[in-house]
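>
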Amino acid sequence: MSIRNGILQLADDTMHYIRFGRGKKTLIMLPGLGDGLTTVKGTALPMALMYRIFARDYTVYMFSRRNNLPQGHTTRDMARDLKEAMDVLGIEKADLMGVSMGGMIAQHFAEDYLERLGKLVLAVTCSRPNPILTDSVQEWVDLARRGNHAAFMDSNLRRMYSDAYYRKNRWMAPLVGRLTKPKSYERFFIQASACLTHDASEHLAKINVPTLVIGGEQDLALGAEASLEMAAAIPGAQLKMYPEWGHGLYEEAKDFNKLVLDFLNGD
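Each residue of the sequence shown is one higher than the last, beginning at 5 in the working numbering.
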């Protein structure tokens, strides 16, 4: 399997990306708000292992946000950055999976660059802020501003994963907090603000590519209703709701990758 950790030169910035797989089709994956703390730099091997089911049929790219995010950079701006990255790499068209905040960016990409899009997967994301999302992001921002990264990680675990996972692994939060605390939260704050101002709700009806919406009924980060709302608004969208999982279902649900691949390979 071909695996690459790369950095793109954009017109006025750079962007980290990874690539793996040997398939003839192209799949782009966009990560969530965690990109504000850690980019995809150097993660090609673990990501290739995590998503190895896609490697036969697809050449897979995962893009971080641009490295020097300006204040006020929106999810729509980030969709434009993605289009520029595709131009640089010569990617004419791709299937696209956006997870959480990555799904917000994917919605604007579908709105503005529909001709570059094959199929679309929107996982545990929303088309506009709701009280659950606002509460989650604001809590993380407040903890980050206080520099309490252990509490930040504990809150992240609690809101992201199932109660069983949280109870089993919360002991790691202080340790992980000490090991992963960033030198600066500025990149996180800019992306958090983009989440809180994201609104693509009025444009979902224009998305006319095959779309799969995936949500978790136990989602404590942005709520289950957000997925239902999007699926109802996007013409012909398929909907998969996991009753037992929350926001981290893309890691906890054992059939998640197969669900996505079957959709992408379907008629």
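C-beta: ideal position from N, C-alpha, C; glycine also.
From a predicted model like this one, the values you see are computed outputs, not experimental measurements.
For the segment 209-251, which segments carrying the beta strand (DSSP E) assignment without a break, of at least 3 residues, lie completely within its bounds, in sequence order?
215-220 and 242-246
> Verify whether the separation of the beta carbon atoms of alanine 127 and isoleucine 32 is less than 7 Å.
no
> Give me the Cβ distance between serine 131 and glutamate 233, rounded to the nearest whole Å; I'm assuming they're in contact under 8 Å.
Yes, they are in contact, since the Cβ atoms of serine 131 and glutamate 233 sit about 7 Å apart, within 8 Å.
> Can you tell me whether tyrosine 62 is helix, strand or coil according to DSSP?
DSSP, reduced to helix, strand and coil, places tyrosine 62 within a strand of the structure shown.
> Excluding the five sequence neighbours on either side, which residues of its own chain have a C-beta within less than 7 Å of the C-beta of histidine 77, listed in chain order?
Ile194 and Ala198
> Could you name the residues that DSSP lists as bridge partners for aspartate 99?
Per DSSP, the beta bridge partners of aspartate 99 are Leu31.
> Using the rule of at least 16 other Cβ atoms within 10 Å of the residue's Cβ for burial, across every protein chain shown, is serine 140 buried or exposed?
buried
> In the DSSP assignment, find the beta strand (DSSP E) that holds methionine 51 and state where it starts and stops.
Careful: methionine 51 lies outside any beta strand (DSSP E), inside the alpha helix (DSSP H) at 48-54.
> Would a C-beta distance cut-off of 7 Å place aspartate 223 and histidine 202 closer than the cut-off?
no
> Around the Cβ of leucine 34, are there at least 16 other Cβ atoms within 10 angstroms (buried) or fewer (exposed)?
buried
> Among Val64, Ala59, Ile57 and Lys87, which one has its Cα closest to the Cα of arginine 70?
Lys87
> Taking DSSP as the reference, what is the three-state secondary structure of glutamine 75?
coil
> If you check the beta carbons only, do glycine 46 and asparagine 9 fall under 7 Å apart?
With respect to the 7 Å criterion, glycine 46 and asparagine 9 are classified as neighbours on the basis of their beta carbons.
> State the CB to CB distance for the pair glycine 82 and isoleucine 22, rounded to an integer number of angstroms; the pair is presumed to be in contact (CB under 8 Å).
Note that residue 82 is methionine in the sequence shown, not glycine. A Cβ-Cβ distance of about 17 Å is found for the pair methionine 82 and isoleucine 22, leaving them out of contact under the 8 Å criterion.
> Candidates Thr18, Thr79 and Lys210: which alpha carbon is nearest glutamate 119's?
Here the closest residue by C-alpha is Lys210.
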